[in-house]
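Taking it in order: structure first as structure tokens, then the write-up.
Put into structure tokens, the structure is as follows:
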């Protein structure tokens, strides 16, 4: 059988694993990329978010087969970018990350949002982060962090 | 053991469908949950699986003189980003999950999954959309009502797949989408409503309603709508009781974990009445 090929965090990879497996499981177990979490396992909480060709997707609902030939970026890959550095700083300064379990998913969702709307309105932020749940911050701090990152990192997105 | 096939072209996908019996996985956001297994184990698919999400040739939105054509693998986010698609569609689509889900989930997937609670398909009934089904033997164009035949049941043959969705353009100047659910971003509808009207100086040229989650399939009653055509807005009030009575007979909701039939029945009627009241107020 032909291997399944895709780009994982900027590196081409090939695998012979069962293509129906959830991308989340493959990332965590086969590649040791444990930044993506399983929260609800049904596309509600966003803790498993990864970027597929730059767009946030729920890796708990995505079969590995669907990433054939495409680019997958997990929080580990994103963490190497300048945009991540700006966002991390902003999240820290605004208290947008507390217990941390939702944070990798939020970072991915925010990256996806800022790529589409480099200067997002409150409404755009709320719509694009609606698929990520956080039980600590009450969201306002995360929204502030997004705005701060957009301002500090102007031109990066 | 089930076979997993990732075709490289649409043509190849159709050949597989001709020669086998497959589950088709597009965005996969419904089917991956349906066959979900215990943690870390592959889904428990009971048939061979064809993964088509990467057939980019089916990702398009074309605007023609009288219709839009939407390729089967166009994601909801692509649809939402399109500048010209009607607001009532976008309002319904925005109520589907979050962006992570909408970046892969498709309108065609919502049709093929045939859930009576699907939000995405509601405006298709409102606009008399048609679905192009294709196989190696050719294609056929079928009205949305004839594609979805019951809860989780469709007229799509095992050798066919959805190629595109055709949405006629209409001059509606008042539209509404309303969903009653437990909360945003996740809630599956208890009741959903679409209304559209084409009103010109005080005369109703067209008034349409669709109701979701209150019958085995989406309700659209052309006979009731027909009786409202050509009315003056000022006459609409006298028709309200008739309209609500007529819909009351068509609404057949069930009790389930999300809601109960009495609530659904009453809310569905209230939503129709609200839309009519709004039209009357705005003249």
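Chains as they are written, first to last, in the working numbering: chain U, 2 to 158; chain G, 886 to 1168. Beta carbons are placed, not taken as given, at the ideal position from N, Cα and C, and that holds for glycine.
**OP:** Specify the secondary structure class of residue 900 of chain G as computed by DSSP and reduced to three states.
**Re:** Within the second chain, residue 900 of chain G is the residue found at index 15, counting from 1. Of the three classes helix, strand and coil, the one that applies to residue 900 of chain G here is helix, per DSSP.
Original post:
Where do the ends of the alpha helix (DSSP H) carrying residue 104 of chain U lie?
Top reply: Taking the first residue of the first chain as position 1, residue 104 of chain U is located at position 103. Looking at the DSSP string, the run of the alpha helix (DSSP H) that includes residue 104 of chain U is 104-117.
Original post:
What are the boundary residues of the alpha helix (DSSP H) that includes residue 1012 of chain G?
Top reply: Counting from one through the second chain, the residue named residue 1012 of chain G turns up at place 127. From DSSP, residue 1012 of chain G is part of no alpha helix (DSSP H); its letter is neither H nor E.
**OP:** Pair every Cβ in the stretch 907-921 of chain G with every Cβ in the stretch 129-140 of chain U, then say whether three or more of these pairs are closer than 8 Å.
**Re:** no
**OP:** Give the interface partners of residue 20 of chain U over in chain G, defined as CB-CB distance under 8 Å, in chain order.
**Re:** Translated into the one-based positions of the first chain, residue 20 of chain U becomes position 19. Going along chain G in sequence order, the residues near residue 20 of chain U (Cβ under 8 Å) are 889, 891, 936.
**OP:** Classify residue 986 of chain G as helix, strand or coil using the three-state DSSP reduction.
**Re:** Locating residue 986 of chain G in the second chain gives position 101, where the first residue counts as 1. Helix.
**OP:** On a CA-only basis, which of G/1103, G/960, G/1078, G/1019 is nearest residue 941 of chain G? Give me that one, please.
**Re:** For the purposes of this step, residue 941 of chain G is identified with residue 56 of the second chain, where counting begins at 1. For the residues G/1103, G/960, G/1078, G/1019, the minimum Cα distance to residue 941 of chain G belongs to G/960.
Subject >> 8 Å Cβ cutoff, residue 1128 of chain G in contact with chain C >> reply: Among the protein chains of the structure shown, namely U and G, there is no chain C.
Original post:
Residues of chain G with a CB under 8 Å from the CB of residue 141 of chain U: which are they?
Top reply: Here the question's residue 141 of chain U lines up with position 140 in the first chain. By Cβ distance, chain G contributes nothing, its closest Cβ being about 17 Å from residue 141 of chain U, past 8 Å.
Original post:
What residues in the stretch 43-60 of chain U have a beta carbon less than 8 Å from any beta carbon of chain G?
Top reply: 43, 44, 45, 47, 50, 53, 56, 57, 58, 59
**OP:** Hey, could you find the ends of the alpha helix (DSSP H) residue 1159 of chain G is sitting in?
**Re:** Here residue 1159 of chain G is taken as the residue at index 274 of the second chain, counted from 1. From DSSP, the alpha helix (DSSP H) with residue 1159 of chain G extends over 1146-1167.
**OP:** Please go through the same chain and pick out, in chain order, the residues whose beta-carbon is closer than 7 Å to the beta-carbon of residue 900 of chain G, but skip the five residues on each side of it.
**Re:** Counted from its first residue, the second chain places residue 900 of chain G at position 15. Around residue 900 of chain G: 1021.
**OP:** Have a look at the DSSP bridge pairing and note the partners of residue 59 of chain U.
**Re:** If you number the first chain from 1, residue 59 of chain U lands on position 58. Partner(s): U/50.
Original post:
Could you give the C-beta distance for residue 1016 of chain G and residue 1029 of chain G, rounded to a whole number, given that I count them as a contact under 8 Å?
Top reply: Along the second chain, one-based indexing puts residue 1016 of chain G at 131. Along the second chain, one-based indexing puts residue 1029 of chain G at 144. Between residue 1029 of chain G and residue 1016 of chain G the Cβ distance is about 6 Å, and since that is below 8 Å, they are a contact.
Subject >> Residue-chain proximity (residue 1102 of chain G, chain U), Cβ-Cβ < 8 Å >> reply: Here residue 1102 of chain G corresponds to residue number 217 of the second chain, with the count starting at 1. No, residue 1102 of chain G lies away from the interface with chain U (no Cβ there is under 8 Å from its Cβ).
Original post:
What are the start and end residues of each continuous alpha helix (DSSP H) run of 4 or more residues lying completely inside the stretch 1091-1120 of chain G, in chain order?
Top reply: 1107-1111
Original post:
Exposed or buried, residue 886 of chain G, counting other C-beta atoms within 10 Å across all chains shown (16 or more means buried)?
Top reply: Taking the second chain and counting its residues from 1, the one referred to as residue 886 of chain G is at position 1. It is exposed - the Cβ of residue 886 of chain G has fewer than 16 other Cβ atoms within 10 Å.
Subject >> Beta-carbon spacing of residue 57 of chain U, residue 131 of chain U below 8 Å >> reply: Taking the first chain and counting its residues from 1, the one referred to as residue 57 of chain U is at position 56. Taking the first chain and counting its residues from 1, the one referred to as residue 131 of chain U is at position 130. It is not a contact, given that the beta carbons lie outside the stated cut-off.
**OP:** Kindly confirm or deny that the stretch 1129-1143 of chain G and the stretch 1113-1121 of chain G touch, where touching means at least three C-beta pairs closer than 8 Å.
**Re:** no
Original post:
Using DSSP with H/G/I as helix, E/B as strand and the rest coil, what is residue 1044 of chain G?
Top reply: Along the second chain, one-based indexing puts residue 1044 of chain G at 159. Of the three classes helix, strand and coil, the one that applies to residue 1044 of chain G here is coil, per DSSP.
Original post:
Thinking C-alpha only, which one of U/117, U/26, U/68 is nearest residue 7 of chain U?
Top reply: The residue you call residue 7 of chain U lines up with position 6 of the first chain. Of U/117, U/26, U/68, the residue nearest in Cα terms is U/68.
Subject >> Reduced DSSP category for residue 158 of chain U - H, G, I as helix; E, B as strand; rest coil >> reply: The residue labelled residue 158 of chain U in the question sits at position 157 within the first chain. Of the three classes helix, strand and coil, the one that applies to residue 158 of chain U here is coil, per DSSP.
Subject >> Cβ neighbour criterion (16 or more within 10 Å) applied to residue 1005 of chain G >> reply: Within the second chain, numbered from 1, the residue matching residue 1005 of chain G stands at position 120. So residue 1005 of chain G counts as buried.
**OP:** State buried or exposed for residue 147 of chain U, treating a residue as buried only when at least 16 other CB atoms are found within 10 Å of its CB.
**Re:** Working through the first chain from its first residue, we reach residue 147 of chain U at position 146. Residue 147 of chain U should be labelled buried.
Subject >> According to DSSP, residues forming a beta bridge with residue 933 of chain G >> reply: As a working mapping, residue 933 of chain G is identified with position 48 in the second chain. Paired residue(s): G/907.
Original post:
Per DSSP, residue 1062 of chain G forms a beta bridge with which residues?
Top reply: Reading the second chain from its first residue, position 177 is the one you call residue 1062 of chain G. Partner(s): G/1079.
Original post:
Grouping DSSP H, G and I as helix and E and B as strand, with all else coil, what is residue 136 of chain U?
Top reply: Here residue 136 of chain U refers to the residue found at position 135 of the first chain. Residue 136 of chain U: coil per DSSP, three-state reduction.
Original post:
Taking DSSP as the reference, what is the three-state secondary structure of residue 9 of chain U?
Top reply: The sequence position of residue 9 of chain U within the first chain is 8, counting from 1. Residue 9 of chain U falls in the strand class under three-state DSSP.
**OP:** Consult DSSP for residue 962 of chain G and reduce its assignment to one of helix, strand or coil.
**Re:** Position 77 of the second chain, counted from the start, is the residue given in the question as residue 962 of chain G. The answer is helix: DSSP assigns residue 962 of chain G an H, G or I state.
**OP:** Please name the residue, chosen from U/86, U/32, U/27, that lies closest to residue 63 of chain U on a Cα-to-Cα basis.
**Re:** By 1-based counting over the first chain, the position of residue 63 of chain U is 62. Taking only the C-alpha atoms, the option nearest residue 63 of chain U is U/27.
**OP:** State buried or exposed for residue 1057 of chain G, treating a residue as buried only when at least 16 other CB atoms are found within 10 Å of its CB.
**Re:** As a first step, residue 1057 of chain G is located in the second chain; it is residue number 172 there, counting from the start. Residue 1057 of chain G comes out buried.
Subject >> Presumed contact (8 Å Cβ cut-off) between residue 133 of chain U and residue 78 of chain U, rounded CB distance >> reply: For the purposes of this step, residue 133 of chain U is taken as the residue at position 132 of the first chain. For the purposes of this step, residue 78 of chain U is taken as the residue at position 77 of the first chain. Not confirmed; about 19 Å, so no contact.
Subject >> Reference residue 76 of chain U; option with closest CA among U/65, U/38, U/90, U/66 >> reply: By one-based count along the first chain, residue 76 of chain U stands at place 75. The shortest Cα separation from residue 76 of chain U among U/65, U/38, U/90, U/66 belongs to U/38.
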